[in-house]
Amino acid sequence: MSVYILPILIVLLFVYSFFKKVNVYSSFVDGAKSSFDLVLNIFPYIVAILVAVALFRESGLSNILTKAVSPIFNCLGIPSEVCELVLLRPFSGSGSLAVLDGILGMYGADSFVSRCACCIMGSSETLFYVTTVYISKTSIKKLSFAIPVGILASIFGAIMACLMCRIF
């Protein structure tokens, strides 16, 4: 059934545009033109966040910070093996995916640590990446509460993910 969803949506789009008398091709071309401008506007912000994440991991700061917060996370119910994932996830999707792959390879797919790591990946977002894209396209520049609340929500999501894995 899921194989048919995308073709059905495309057909429904063409039928809808036919009844609304919208030129689909010119709308597509206009969208493609505006997406090029979007890429040019966002590119410097994306490069900045990717360089910052690479420096964070390669400098060893990630390991130092992981060792420092590991006891605190253990008290909150988060295994020390997933501390690096919790710290890296708000910054980088691909970096946290690499950490998840390492956890799955080391502990197996059905261990408690791996289930916690998978739930953390599913219950969190690359906060700084999304914020970077958001502020690059809007006039909002003051994010005084957005990032701290996002970080707290990410940590709370990790705590709840590990709690749910412990219960179920």
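Everything in the sequence shown is counted per the numbering used here, starting at 175 for the first residue and increasing by one.
Yeah, the Cβ is synthetic: ideal placement off N, Cα and C, and Gly gets one too.
Keep in mind the model is a prediction, meaning the values are calculated, not measured.
**Study point:** Which of helix, strand or coil DSSP assigns to Ala226
**Key:** Against the sequence shown, residue 226 aligns to sequence position 52. If DSSP states are grouped into helix, strand and coil, Ala226 belongs with the helices.
Point to revise | Distance between beta carbons of Ile325 and Pro264, contact taken as under 8 angstroms | key: As a position in the sequence shown, residue 264 is number 90, starting the count at 1. As a position in the sequence shown, residue 325 is number 151, starting the count at 1. Right, their Cβ atoms sit about 6 angstroms apart.
**Study point:** Candidates Ala283, Ser201 and Ser298, of which the one nearest Leu261 by Cα
**Key:** The count along the sequence shown starts at 1 and reaches residue 261 at position 87. Answer by Cα proximity: Ser298.
Practice item. Please report the Cβ distance between Cys339 and Cys293, rounded to the nearest whole angstrom; I am assuming they are in contact, meaning their Cβ atoms lie under 8 angstroms. Key: Counting from 1 along the sequence shown, the entry for residue 339 is found at position 165. Counting from 1 along the sequence shown, the entry for residue 293 is found at position 119. With a Cβ gap of about 6 angstroms, Cys339 and Cys293 count as contacting.
Exercise for review: Consult DSSP for Arg340 and reduce its assignment to one of helix, strand or coil.
Suggested key: Taking the sequence shown and counting its residues from 1, one reaches residue 340 at position 166. Three-state result, Arg340: helix.
Check your understanding: Is the beta carbon of Thr305 sitting closer than 8 angstroms to the one on Ile321?
Key -> As a first step, residue 305 must be located in the sequence shown, where it is residue number 131. As a first step, residue 321 must be located in the sequence shown, where it is residue number 147. Closer than 8 angstroms, so yes.
Check your understanding: Between which two residues does the alpha helix (DSSP H) carrying Glu258 extend?
Key -> Locating residue 258 in the sequence shown gives position 84, counting from the first residue. Unbroken alpha helix (DSSP H) run through Glu258: Cys257 to Leu262.
Review point. With a Cβ-Cβ cutoff of 8 angstroms, do Ile223 and Tyr303 count as a contact?
Key: Numbered from its first residue, the sequence shown carries residue 223 at position 49. Numbered from its first residue, the sequence shown carries residue 303 at position 129. Their beta carbons are under 8 angstroms apart, which means Ile223 touches Tyr303 by this criterion.
Exercise for review: Tell whether a beta-carbon distance below 8 angstroms holds between Ala291 and Leu259.
Suggested key: Within the sequence shown, the letter at position 117 stands for residue 291. Within the sequence shown, the letter at position 85 stands for residue 259. Yes, they are a contact pair.
Check your understanding: Given that a residue counts as buried once 16 or more other Cβ atoms are within 10 Å of its Cβ, and exposed if not, what is Ser345?
Key -> Limits of the chain in this structure are 175 at one end and 342 at the other, which puts residue 345 out of reach.
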